[in-house]
Each structure stands twice: as C-alpha cells, then as structure tokens.
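A.B. asks: Residue numbers (the numbering used here): 7 to 141. Following this message is one structure expressed as structure tokens.
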C-alpha cells in the first residue's frame with residue numbers, strides 16, 4: 007500500500023496537546039504556521055506564512071480586541087479588520103507606496119461609522135460629519 011505524505015496517521019485516541027506555542031515548518035525548514043500565547047499583556051495569535059514572506063495573523067488581546075491582519079513580504083500591514091474592546095469595528099487598507107490609508111469604521115464609541123482616506127497622515131477625504139468635536 008503506497009504511503010501518502012498528506013494523510014495524517016490514524017491514532018487510536020486523540021490527545022490534548024498543551025503548549026505555549028506551536029510552530030509548523032515545511033520540508034525546507036521555513037515556518038508556515040505559528041500559534042502562540044503570550045503574557046504581559048495577554049495576547050494570543052495564529053499566523054500563516056505564505057510565499058514571498060506574506061502573512062495573515064489572527065489575534066485576540068487581553069481587553070477583548072480581535073484583529074485579522076494581512077502583511078506584505080516586508081512585514082508591513084496592508085489590510086486589517088478588527089473590533090476593539092469598546093466595540094468599535096473597523097477595516098483599514100494601506101497603500102505604503104502611495105502613503106495612503108483608507109479606513110471604514112468608527113473612531114469613537116457611539117459615533118456613526120465613516121469612510122476616511124488619509125494621505126501622508128492627513129485626511130484626504132471623509133464621510134465623517136463636520137461639526138463641533140464635543141457636540
């Protein structure tokens with residue numbers, strides 16, 4: 007019977023593995039999947055690494071914030087989706103070459119969500135309502 011490398015070995019009883027982190031590497035020794043938990047502050051993440059050092063990270067912080075980040079081969083975040091501990095939900099897209107960031111979401115709890123395009127740190131365009139800051 008031929009041995010298939012992709013078929014998991016059948017074990018009579020599943021086991022619970024307890025660890026602080028698990029790193030899965032491909033046949034060339036390159037890390038492809040990393041699962042880890044950290045203390046001070048508490049933080050848990052799962053990272054998948056693809057070709058050209060691209061990565062996706064799913065994380066949860068100690069306050070209840072949840073994030074999904076896509077990173078290009080230089081380690082810079084190019085897209086992010088998250089919810090903060092105070093329930094602000096947002097999506098951010100980054101174009102590092104053009105120096106722009108597009109954000110869809112809310113900046114403050116209780117404020118309506120908006121779409122804002124930043125260019126080199128300044129607001130280029132926004133649907134955010136103009137008016138008094140403390141209104």
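Note that the Cβ used here is the ideal one computed from N, Cα and C, for glycine as well.
According to DSSP, simplified to helix, strand and coil, what is residue 103?
C.D. replies: In the structure shown, residue 103 sits in coil (DSSP, three-state: anything other than H, G, I, E or B).
A.B. asks: Mind pulling the alpha helix (DSSP H) runs of 4 or more residues that sit fully within the segment 18-59?
C.D. replies: Complete alpha helix (DSSP H) runs here, min 4: none at all.
A.B. asks: I need the DSSP call for residue 133, collapsed to helix, strand or coil.
C.D. replies: If DSSP states are grouped into helix, strand and coil, residue 133 belongs with coil.
A.B. asks: On the DSSP bridge assignment, give the partners of residue 77 in chain order.
C.D. replies: Per DSSP, 61 and 83.
A.B. asks: Of all the options 47, 102 and 52, which has the alpha carbon lying nearest to the alpha carbon of residue 37?
C.D. replies: Checked all of 47, 102 and 52; the closest Cα to residue 37 is 52.
A.B. asks: For residue 122, report the span of its beta strand (DSSP E) as first-last.
C.D. replies: 120-125 is the span of the beta strand (DSSP E), which, as asked, contains residue 122.
A.B. asks: Tell me which same chain residues have a C-beta within less than 7 Å of the C-beta of residue 138, skipping the five on either side of it?
C.D. replies: In this prediction, residue 138 has a pLDDT of 45, which is less than 50 and means its spatial position is unreliable; what the coordinates show is noted afterwards. Around residue 138: no qualifying Cβ.
A.B. asks: Go through its chain and collect everything with a Cβ distance to residue 64's Cβ below 7 Å, but skip five positions before and after it.
C.D. replies: Taken in chain order, the residues that qualify are 51, 52 and 74.
A.B. asks: Enumerate in chain order the residues of its own chain whose CB-to-CB distance from residue 87 is below 6 Å, with the five nearest sequence positions on each side excluded.
C.D. replies: Same-chain partners within the cutoff: 74 and 97.
A.B. asks: With DSSP collapsed to three states, give me the class of residue 90.
C.D. replies: Residue state, collapsed to three classes: coil.
A.B. asks: To which residues does DSSP link residue 96 through a beta bridge?
C.D. replies: Beta-bridge pairing links residue 96 to 88 and 111.
A.B. asks: Would residue 85 pass as a contact of residue 76 if the rule is Cβ separation under 7 Å?
C.D. replies: Their beta carbons are under 7 Å apart, which means residue 85 touches residue 76 by this criterion.
A.B. asks: Give me the Cα-Cα distance between residue 140 and residue 114, rounded to the nearest whole angstrom.
C.D. replies: Only weak support is given to the placement of residue 140: the predicted model assigns it a pLDDT of 43, under 50, and the question is left unresolved by the model.
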